[in-house]
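Reading through the structure tokens given below for one structure.
Next comes the structure, spelled out in structure tokens:
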């Protein structure tokens with residue numbers, strides 16, 4: 052009897068709810084923590100980043116205009132879909148990160164819980180960040196939160212699933228759309244996550260995931276005039292500096308990489324959500 | 139026919155009828171005989187050639203040149219029921235200075251408006267050199283009497299239009315009443331006076347490439363200065379293969395009569411890539427002689443912002459966004 056040949060997969064990008072190949076036609080080999088072949092992944096170019104920004108901008112109106120309740124429901128749905136793919140994610144975490152099966156299960160639980168936690172924040176963030184301001188005049192003065200717009204996210208190279216979920220969810224829960232540069236070394240959890248996103252109720256273009264080199268793609272996103280914010284969590288110090296300089300041109304909101312190693316299992320707090328929020332203040336006359 | 143002729147070459151026809159162009163419109167039967175005597179278009183060949191030319195890679199300095207040429211060929215168009223004098227003035231300002239922050243950007247070729255807004259557009263463009271084109275003849279359907287169409291044209295010309303974009307009577311064309319279409323074009327051309335006449339074929343309603351070729355020849359024989367694909371109100375509008383067939387028609391018409399006619403694809407051209415594909419098509423089909431705003435125009439509005447964004451990307455090295463250009 053002949054031995055069965057395994058299918059050697061080549062994964063694609065996730066842009067505008069579809070799975071296109073890289074415009075450049077390039078791909079690269081993804082290996083496990085032990086150096087064994089896992090799959091091929093697309094190596095995104097600057098033009099893929101440009102297309103992803105166009106897709107994110109197109110999705111922004113609908114997503115930011117949806118009710119907070121609705122956004123929360125969609126993110127909860129992502130958690131449900133993630134839960135139903137436990138086995139696949141667990142296997143990928145073991146292969147990619149070299150963690151033990153028990154630890155992988157713990158990280159997976161944390162990722163699902165993190166999504167549910169952020170889903171709950173969708174209609175509550177306004178309560179802690181908005182306010183009714185006392186003013187010396189016959190006006191109601193109300194401040195409310197508004198999403199920043201299109202946010203570029205450089206995903207952390209470690210903690211491929213929990214880290215990824217922990218940077219994407221806070222950006223989109225408040226109504227932003229995003230372009231994510233996935234971890235170059237361990238992109239498989241992000242690719243599988245994009246399959247989860249495509250089959251949950253998330254509108255196409257709200258999350259776009261690019262695999263490939265962050266040194267190559269991130270500066271183009273940082274300099275892009277139609278990107279309103281950039282999260283540099285996964286950028287190395289040199290790259291972060293370059294990106295921050297490029298981001299100054301159109302006054303992007305920048306979230307700098309943390310000085311210390313992040314413990315993704317710790318309580319994230321609200322900082323990641325408020326980093327990409329604007330405040331809108333309305334003066335409204337009292338009476339009649 | 140020779141087997142190596144890919145798309146069907148109408149040049150052969152001219153040898154048969156060189157003497158006869160004055161007689162072709164003597165009767166509907168003669169006109170029909172001539173138009174149906176044009177060689178058929180190989181649809182698969184035309185689609186294939188247009189797709190192949192669409193894959194040309196135009197980069198860096200060549201792209202820069204193409205962008206500037208395309209900007210200078212744009213007929214900036216607004217043809218909405220909701221057009222106001224203010225909107226027309228804003229569009230004219232953009233036509234004269236497409237990118238106010240950069241005086242190097244060439245002005246566009248023309249603005250295109252409804253007849254009642256021509257006077258406003260003429261005032262707004264002033265002496266900038268931007269032409270004013272007006273649609274006329276019961277645009278976009280063309281369903282009215284000849285008297286109404288002629289008067290429509292006369293009013294547009296009297297208001298100062300440099301160019302008139304007329305629509306043909308597609309109903310008559312499809313019914314085989316070619317002489318009616320021919321005589322209408324002749325009458326409108328007479329009403330135009332010095333104004334240039336662009337004849338809109340509305341290729342999206344003509345069903346076949348053979349009909350596009352016939353309508354092109356009909357419009358050119360009747361005296362049109364330009365042939366234009368579409369009104370922009372019907373899908374599909376200016377596709378690459380249709381433009382290819384029309385470019386072949388003007389090339390062959392020049393060869394056989396010595397008169398040069400321009401081409402204007404309109405509708406559905408939205409990106410710089412679309413515009414550059416059109417330019418490649420012109421270069422490879424009609425030749426360099428048509429790579430000029432006097433002989434080739436792009437009827438569009440949204441493409442201008444994309445051209446400006448790509449131009450800015452080349453200047454600054456960073457991608458631009460729609461926030462930095464006018465909404466129109």
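Protein chains in written order, with the working numbering: chain P, 52 to 339; chain X, 139 to 466. Glycine is no exception: its CB is placed at the ideal position from the N, C-alpha and C atoms. Keep in mind it's a predicted model, so treat the numbers as computed, not measured.
Quick one: what's got a C-beta closer than 6 Å to residue i's C-beta in the same chain, skipping five residues either side?
{"i": "residue 98 of chain P", "result": "74"}
{"i": "residue 335 of chain X", "result": "302, 327, 362, 363"}
{"i": "residue 155 of chain X", "result": "Unreliable placement is indicated for residue 155 of chain X, whose pLDDT of 45 sits below 50; no coordinate value is reported for it."}
{"i": "residue 440 of chain X", "result": "408"}
{"i": "residue 422 of chain X", "result": "191"}
{"i": "residue 267 of chain P", "result": "none"}
Around the C-beta of residue i, are 16 or more other C-beta atoms found within 10 angstroms, so that it is buried, or is it exposed?
{"i": "residue 433 of chain X", "result": "buried"}
{"i": "residue 191 of chain P", "result": "exposed"}
{"i": "residue 240 of chain X", "result": "exposed"}
{"i": "residue 267 of chain X", "result": "exposed"}
{"i": "residue 450 of chain X", "result": "buried"}
{"i": "residue 458 of chain X", "result": "buried"}
{"i": "residue 174 of chain X", "result": "exposed"}
{"i": "residue 184 of chain P", "result": "exposed"}
{"i": "residue 281 of chain X", "result": "exposed"}
{"i": "residue 258 of chain X", "result": "buried"}
{"i": "residue 179 of chain P", "result": "exposed"}
{"i": "residue 269 of chain X", "result": "buried"}
{"i": "residue 55 of chain P", "result": "exposed"}
{"i": "residue 318 of chain P", "result": "exposed"}
{"i": "residue 190 of chain X", "result": "exposed"}
{"i": "residue 332 of chain P", "result": "exposed"}
{"i": "residue 162 of chain P", "result": "buried"}
{"i": "residue 287 of chain X", "result": "buried"}
{"i": "residue 308 of chain X", "result": "buried"}
{"i": "residue 247 of chain P", "result": "buried"}
{"i": "residue 187 of chain P", "result": "exposed"}
{"i": "residue 80 of chain P", "result": "exposed"}
{"i": "residue 245 of chain P", "result": "buried"}
{"i": "residue 207 of chain P", "result": "buried"}
{"i": "residue 52 of chain P", "result": "exposed"}
{"i": "residue 366 of chain X", "result": "buried"}
{"i": "residue 334 of chain P", "result": "exposed"}
Spatial neighbours of residue i within its chain, please: C-beta separation below 7 Å, excluding the five flanking residues on both sides.
{"i": "residue 257 of chain P", "result": "110, 114, 223, 228"}
{"i": "residue 211 of chain X", "result": "247, 431, 434, 435, 436"}
{"i": "residue 452 of chain X", "result": "202"}
{"i": "residue 275 of chain P", "result": "104"}
{"i": "residue 338 of chain P", "result": "189"}
{"i": "residue 256 of chain X", "result": "270, 272, 294, 297, 298, 299"}
{"i": "residue 154 of chain P", "result": "none"}
{"i": "residue 132 of chain P", "result": "247, 250, 251"}
With a CB to CB cut of under 8 Å and the five nearest residues on each side skipped, what residues in its chain are close to residue i?
{"i": "residue 243 of chain X", "result": "206, 209, 235, 236, 237, 446, 449"}
{"i": "residue 148 of chain X", "result": "Any answer about residue 148 of chain X is weak, because its pLDDT of 49 lies below 50 and its placement is not dependable; what the coordinates show is given next. Excluding residues within five positions, the ones whose Cβ falls inside 8 Å are 176, 177, 351, 355, 386, 387, 390."}
{"i": "residue 243 of chain P", "result": "136, 139, 140, 143"}
{"i": "residue 429 of chain X", "result": "207, 417, 420, 421"}
At a cut-off of 8 Å, would you count residue i as near the ligand MG, judging by its Cβ distance to the nearest heavy atom?
{"i": "residue 192 of chain X", "result": "Of ligands this structure carries none, so the ligand MG is not represented either."}
(request) Closer than 9 Å, Cβ to Cβ, to anything on chain X: give me those residues from the stretch 286-311 of chain P, in chain order. (result) 297, 300, 301
(message) Would you call the stretch 272-283 of chain P in contact with the stretch 304-318 of chain P, where contact means no fewer than 3 C-beta pairs closer than 8 Å?
(response) yes
(request) Return the residues of the stretch 423-456 of chain X that lie within a Cβ-Cβ distance of less than 7 Å from chain P, sorted by chain order. (result) 456
(request) With 9 Å as the limit, tell me which residues of the stretch 250-269 of chain P have their beta carbon closer than that to any beta carbon of chain X; keep them in chain order. (result) Taking 9 Å as the Cβ-Cβ cut-off against chain X, none of the residues of the stretch 250-269 of chain P qualify.
(request) Give, in chain order, every residue of the stretch 90-123 of chain P whose Cβ lies closer than 8 Å to some Cβ of chain X. (result) 101, 104, 108
(request) Inspect the CB distances between the stretch 388-408 of chain X and the stretch 187-201 of chain X and report whether three or more fall short of 8 Å. (result) no
(request) Closer than 7 Å, Cβ to Cβ, to anything on chain P: give me those residues from the stretch 165-192 of chain X, in chain order. (result) none
(request) At 3 residues or longer, and completely inside the stretch 252-287 of chain P: list those beta strand (DSSP E) runs for me, N to C. (result) 258-261, 280-282
(message) Give the list of continuous alpha helix (DSSP H) stretches no shorter than 4 residues that lie fully inside the stretch 337-383 of chain X.
(response) 347-359
(message) So, does the stretch 242-255 of chain P touch the stretch 124-132 of chain P, judging by three or more C-beta pairs under 8 Å?
(response) In short, these stretches touch, since the Cβ pair count reaches three.
(message) To test your reading of the DSSP string, which unbroken beta strand (DSSP E) runs of 3 or more residues are found completely within the stretch 232-317 of chain X?
(response) 248-251, 269-274, 301-305
(message) Count Cβ pairs between the stretch 318-329 of chain P and the stretch 192-206 of chain P that sit closer than 8 Å; are there 3 or more?
(response) yes
(message) Can you confirm whether the stretch 134-141 of chain P touches the stretch 94-108 of chain P when touching is taken to mean that 3 or more C-beta pairs between the two stretches lie within less than 8 Å?
(response) no
(request) Below 8 Å between beta carbons is the criterion; list the residues of the stretch 234-265 of chain X that meet it against any residue of chain P, in chain order. (result) Residues of the stretch 234-265 of chain X whose Cβ lies closer than 8 Å to any Cβ of chain P: none.
(request) Could you list the residues in the stretch 362-382 of chain X with a C-beta less than 9 Å from some C-beta on chain P, going in chain order? (result) Answer set for the stretch 362-382 of chain X: empty.
(message) Can you pull out the residues from the stretch 405-420 of chain X whose beta carbon lies closer than 8 Å to at least one beta carbon of chain P?
(response) none
(request) Return the chain-ordered ranges of every beta strand (DSSP E) run that is complete within the stretch 177-257 of chain P and spans a minimum of 3 residues. (result) Runs found: 190-198, 201-205, 228-232.
(message) I want to know whether the stretch 307-326 of chain X touches the stretch 337-351 of chain X - three or more CB-CB distances under 8 Å.
(response) yes
(message) Could you tell me which whole beta strand (DSSP E) segments of length 3 or greater appear in the stretch 394-446 of chain X?
(response) Listed in chain order, the complete beta strand (DSSP E) runs (minimum 3 residues) inside the stretch 394-446 of chain X are 400-402, 436-438.
(message) Short of 7 Å Cβ to Cβ, which residues in the stretch 166-200 of chain P face chain X?
(response) none
(request) Pick out the complete alpha helix (DSSP H) segments inside the stretch 126-166 of chain P, 4 residues or longer, and give them in chain order. (result) 137-148
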